[in-house]
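Protein chains in written order, with the working numbering: chain C, 30 to 314; chain W, 65 to 233.
The beta-carbon is built from N, C-alpha and C at its ideal position, and this holds for glycine as well.
Please read these numbers as outputs of a predicted model, since none were measured by experiment.
For reference, the structure is listed below as structure tokens.
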């Protein structure tokens, strides 16, 4: 009996001694599975998303309210200056209005002549941003709306300023939105009038970088950056931003949406709801 | 041990874990963000550092591991990354607990700053390896500065929690 007791005590002491190493080993194994985006890991992640988001949303409600209040006060302070700016803008837009209606008419005529097939109407939803991930390198937001609302992976998200990212995980009632600035975000894009194809890569700053540029590519500051539609991640022709800075270290892009916080986003279904690998028929994989 | 005391002790032990849990939840709130880089304040590091020295039996390896998993699941970062880094951080500090416990507050602050630097360096290397490109370290440096500067505040709060409830157990 005594022997058994001492054996148990020794075993317990050994377990305690090796527990840290054990946990570190388990974590490393989990990390390997996590990096490979194992389906089981993804499903656990979405379950946690569904469970914790209401709590996070509830706790951060006063903070959101305060943000709204501060923004509101800021708007009141700036209202006179903004009014003057809008008057000037309106005056210049009036001259553009005539040009635009002329161009719209011409566009319609050319479409008729060229027997242009219009792009199909796409479904879009406006959702609320509930939480911000706040990771050191990963940039994502949790938004309302999940599988129960018909949401799928691959929906593209916009604010009123422009493209911000896409849905990468869908829980029952909530989804995770991966921002363009995330360290894992890679978007095939076309730059400038010459439509130079390269990749827009998030690098943990508000200004993503252009990588994998072709040899001798001529890019200048102010060139527009639009999605190329390659790889089927984003549809072709979505405006992302403009080339902001070019130096020896690389080319950086200023995004259309520069605000760090936004309360509502519009998610659009362009029919890109599936991964490329999963959309390939079984016999052709 | 009476039933009431047992219950109180259980609650007390859970309190440190809840404290870490709240730190992880706080990273999700838009208010606790470093401007421009939009990265969160990693308060959890200060909490793990403090309790691994002063209450390593309560906030133990298992707690650090669970908090890491929870943090990874919430933040969308590769699962297992924080679960690897938090227990490692805890292990390194708790192995030197006997030495650290004798140091003054300012000395501890310096040691914390050094540990946070090593933590950040490992994090940067791991992330760069996972993403396959050299990432900008600006956000990480800001995080390091903020977590080092905020250490006295967090350590003060943890100390208060430790003293206030420790007397009753």
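Among residues of its own chain, excluding the 5 on either side of residue i, which ones have a beta-carbon nearer than 8 Å to its beta-carbon?
i, result
"residue 282 of chain C", "229, 236, 237, 238, 239, 254, 269, 270, 271, 272 and 273"
"residue 136 of chain W", "142, 143, 144, 145, 146 and 147"
"residue 101 of chain C", "none"
"residue 63 of chain C", "70"
How many Å lie between residue i and residue j at the Cα?
i, j, result
"residue 124 of chain C", "residue 188 of chain C", "27 Å"
"residue 104 of chain C", "residue 225 of chain W", "41 Å"
"residue 110 of chain C", "residue 155 of chain W", "57 Å"
"residue 234 of chain C", "residue 106 of chain W", "18 Å"
"residue 126 of chain C", "residue 162 of chain C", "42 Å"
"residue 277 of chain C", "residue 150 of chain C", "43 Å"
"residue 69 of chain C", "residue 86 of chain W", "26 Å"
"residue 97 of chain C", "residue 287 of chain C", "18 Å"
"residue 177 of chain W", "residue 160 of chain C", "29 Å"
"residue 217 of chain W", "residue 81 of chain W", "18 Å"
"residue 194 of chain C", "residue 174 of chain W", "40 Å"
"residue 209 of chain W", "residue 165 of chain C", "13 Å"
"residue 157 of chain C", "residue 290 of chain C", "12 Å"
"residue 196 of chain W", "residue 177 of chain C", "35 Å"
"residue 265 of chain C", "residue 114 of chain W", "52 Å"
"residue 67 of chain C", "residue 171 of chain C", "21 Å"
"residue 203 of chain W", "residue 67 of chain W", "49 Å"
Count the other CB atoms within 10 Å of the CB of residue i; is the residue buried (16 or more) or exposed (fewer)?
i, result
"residue 83 of chain C", "exposed"
"residue 165 of chain W", "exposed"
"residue 193 of chain W", "exposed"
"residue 75 of chain C", "buried"
"residue 199 of chain C", "buried"
"residue 106 of chain C", "exposed"
"residue 180 of chain W", "buried"
"residue 219 of chain W", "buried"
"residue 222 of chain C", "exposed"
"residue 142 of chain C", "exposed"
"residue 252 of chain C", "buried"
"residue 207 of chain W", "buried"
"residue 219 of chain C", "buried"
"residue 35 of chain C", "exposed"
Once you ignore the five residues that flank residue i on each side, which residues in its own chain have a CB closer than 7 Å to its CB?
i, result
"residue 126 of chain W", "none"
"residue 318 of chain C", "Since the first and last residues shown for chain C are 30 and 314, residue 318 of chain C lies out of range."
"residue 190 of chain W", "145"
"residue 124 of chain W", "none"
"residue 117 of chain W", "157, 161, 164 and 165"
For residue i, name the three-state secondary structure that DSSP assigns.
i, result
"residue 135 of chain C", "helix"
"residue 76 of chain C", "helix"
"residue 83 of chain C", "helix"
"residue 104 of chain W", "strand"
"residue 204 of chain C", "strand"
"residue 167 of chain W", "coil"
"residue 74 of chain W", "helix"
"residue 209 of chain C", "coil"
"residue 188 of chain C", "coil"
"residue 239 of chain C", "strand"
"residue 199 of chain C", "strand"
"residue 161 of chain C", "strand"
"residue 149 of chain C", "coil"
"residue 144 of chain C", "coil"
Using a Cβ-Cβ distance under 7 Å, would residue i count as near chain C?
i, result
"residue 206 of chain W", "no"
"residue 108 of chain W", "no"
"residue 220 of chain W", "no"
"residue 315 of chain W", "Only positions 65 to 233 of chain W appear in the structure, and residue 315 of chain W is not among them; the question remains open."
"residue 103 of chain W", "yes"
"residue 212 of chain W", "no"
"residue 155 of chain W", "yes"
"residue 200 of chain W", "yes"
If we cut at 7 Å on Cβ distances, does residue i have a partner in chain W?
i, result
"residue 160 of chain C", "yes"
"residue 233 of chain C", "yes"
"residue 59 of chain C", "yes"
Under 6 Å: does the beta carbon of residue i sit that close to some heavy atom of the ligand ADP?
i, result
"residue 134 of chain C", "As for the ligand ADP, it is missing from this structure, which has no ligand bound."
Report all residues from its chain with a CB closer than 6 Å to the CB of residue i; omit the five preceding and five following residues, and keep chain order.
i, result
"residue 184 of chain C", "196, 296 and 298"
"residue 90 of chain C", "none"
"residue 227 of chain C", "239, 241 and 242"
"residue 185 of chain W", "none"
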